[in-house]
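Enquirer: If you read the sequence shown in the working numbering, its first letter stands for residue 44, the second for the next number, and so on.
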Amino acid sequence: MGLTAPSRPVAVLVLAVVVAVLVALVASLPQRAEAAIVPGAGGVTVHGTGVGELVVVVGDERTVFQVDGTYARLVPAAPGTPVRVVLDGETVARRP
Numbered sequence: 044m045g046l047t048a049p050s051r052p053v054a055v056l057v058l059a060v061v062v063a064v065l066v067a068l069v070a071s072l073p074q075r076a077e078a079a080i081v082p083g084a085g086g087v088t089v090h091g092t093g094v095g096e097l098v099v100v101v102g103d104e105r106t107v108f109q110v111d112g113t114y115a116r117l118v119p120a121a122p123g124t125p126v127r128v129v130l131d132g133e134t135v136a137r138r139p
């Protein structure tokens, strides 16, 4: 048996709600953050993509940036100094 006339609008409404919820879930998925550390003259360049608070830890020194998308930042660092890059609390790169 097929759907009766009163249940078709209900089925369409339920389908619309399901599609809206799925679209909202996909749109709210966290963005993938990534970073790379490139040593150079005068320090290290940290570059990558992400949104939020970017913390570059060089030895015991912390440098904080706000990033929104693609970024590249030069941070002073002596050769061989450990570097760690944290974006919104998650370590995304490190150099021994």
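Don't be surprised by glycine CBs; every beta carbon is placed ideally from N, CA and C.
Extract the residue ranges of the beta strand (DSSP E) inside the segment 45-114, only unbroken runs of 3 or more that lie entirely within it.
Expert: Restricted to the segment 45-114, the beta strand (DSSP E) segments that are unbroken, complete and at least 3 residues in length are 77-83 and 86-101, listed in chain order.
Enquirer: May I ask which residues mark the beginning and end of the beta strand (DSSP E) holding ALA120?
Expert: Counted from its first residue, the sequence shown places residue 120 at position 77. It is not in any beta strand (DSSP E) - ALA120 carries neither H nor E in the DSSP assignment.
Enquirer: Measuring CA to CA, which of VAL66, PRO82, VAL135 and VAL110 is closest to GLY123?
Expert: Here the question's residue 123 lines up with position 80 in the sequence shown. Of VAL66, PRO82, VAL135 and VAL110, the residue nearest in Cα terms is PRO82.
Enquirer: Counting beta carbon pairs with one atom in the segment 61-68 and one in the segment 106-117, are three or more of them shorter than 8 angstroms?
Expert: No, they do not touch.
Enquirer: For VAL126, list the residues DSSP reports as bridge partners.
Expert: Here residue 126 corresponds to residue number 83 of the sequence shown, with the count starting at 1. Answer is VAL101 and ARG138, bridged to VAL126.
Enquirer: Going straight from the alpha carbon of VAL110 to that of HIS90, what length do you get?
Expert: Your numbering for residue 110 matches position 67 in the sequence shown. Your numbering for residue 90 matches position 47 in the sequence shown. VAL110 and HIS90: Cα-Cα distance of roughly 11 angstroms.
Enquirer: Do VAL128 and ALA78 have their beta-carbon atoms positioned less than 8 angstroms apart in this structure?
Expert: Start at 1 with the first residue of the sequence shown, and residue 78 comes out as number 35. Start at 1 with the first residue of the sequence shown, and residue 128 comes out as number 85. Cβ distance < 8 angstroms, so ALA78 and VAL128 count as in contact.
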